[in-house]
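Residue numbers (the numbering used here): 41 to 252.
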């Protein structure tokens with residue numbers, strides 16, 4: 041009975057995703073929908089803003105900026121250190137980008153302490169048999185006495201996993217699969233200025249485009 045309930049919940053989630061992305065006919069449409077979702081979350085939340093968590097606000101603004109320059113962000117996490125809970129986190133953002141945006145990020149990060157993991161998508165087929173999927177960048181660990189980190193971000197997704205999250209038209213799916221899966225992260229644990237850096241970079245791009 042429990043398995044049946046979980047399956048029904050999963051099917052319901054798939055249907056909601058399909059309805060949510062139904063209007064997307066191009067990769068740009070995916071970016072636009074994602075941008076509106078993140079902006080709605082930011083503007084309707086009491087968590088950020090001038091009187092709230094400025095780190096969360098900056099992270100969300102950086103996500104909006106990345107979508108504007110062409111990276112479809114799927115998840116972003118803050119770097120943190122919670123002494124009372126004995127855990128610390130690593131800042132990271134992951135998503136999909138084309139060759140131009142990937143190269144822009146690569147150039148942007150050159151000479152900084154930040155890093156980027158780039159993964160190939162395997163189109164509508166499956167990955168080669170000898171390929172071991174990248175598990176993702178760990179973003180949480182115990183402050184003291186733990187060798188293992190967990191809660192990875194940016195794990196390499198199969199075609200079926202991507203379709204489950206983005207059940208879109210075949211033409212849009214083909215455009216999505218031509219992108220790279222990229223994860224930008226701070227290798228250092230604890231509080232990070234990664235999202236301040238990314239936000240400033242995307243703002244500079246916007247100003248440049250406006251000027252031209």
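Even glycine gets a Cβ: it sits at the ideal position worked out from N, Cα and C.
Quick caveat: nothing in here was measured; it's all calculated off a predicted structure.
Non-local beta-carbon contacts of residue 142 in its own chain, meaning distances under 7 Å to residues more than five positions away in sequence, involve 158, 220 and 222 in chain order. In this structure, residue 216 sits near residue 206, with a CB-CB distance shorter than 9 Å. With respect to residue 82, residue 115 sits apart: the two C-beta atoms are not nearer than 9 Å. Judged by DSSP secondary structure, residue 96 falls within the alpha helix (DSSP H) whose first and last residues are 94-109.
Three or more beta-carbon pairs separated by less than 8 Å link the stretch 147-157 to the stretch 234-241, which places the two stretches in contact. In this structure, DSSP gives residue 221 an extended state, which the three-state scheme calls strand.
Residue 107 is classed as buried because its beta carbon has at least 16 other beta carbons within 10 Å across all chains shown. Residue state for residue 248 is assigned as helix, using DSSP reduced to three classes.
Beta-bridge pairing by DSSP links residue 113 to 135. Closest in alpha carbon position to residue 85, among 232, 122, 69 and 100, is 100. DSSP places residue 157 in no alpha helix (DSSP H) but in the uninterrupted beta strand (DSSP E) bounded by 155-160. Take residue 230, set aside five residues on each side of it, and the residues of its chain with a beta-carbon closer than 6 Å to its own are 119, 121 and 128, in chain order. Here residue 184 is exposed. Its C-beta has fewer than 16 other C-beta atoms within 10 Å. In this structure, DSSP gives residue 73 a helical state, which the three-state scheme calls helix. At the C-beta level, residue 138 and residue 209 stay beyond 9 Å of one another. In this structure, the alpha-carbon of residue 109 lies about 32 Å from that of residue 181. Between the alpha carbons of residue 136 and residue 112 lies a distance of about 5 Å.
Within the same chain, Cβ atoms closer than 8 Å to the Cβ of residue 75 are found at 104, 107 and 108, the five residues on either side in sequence being excluded.
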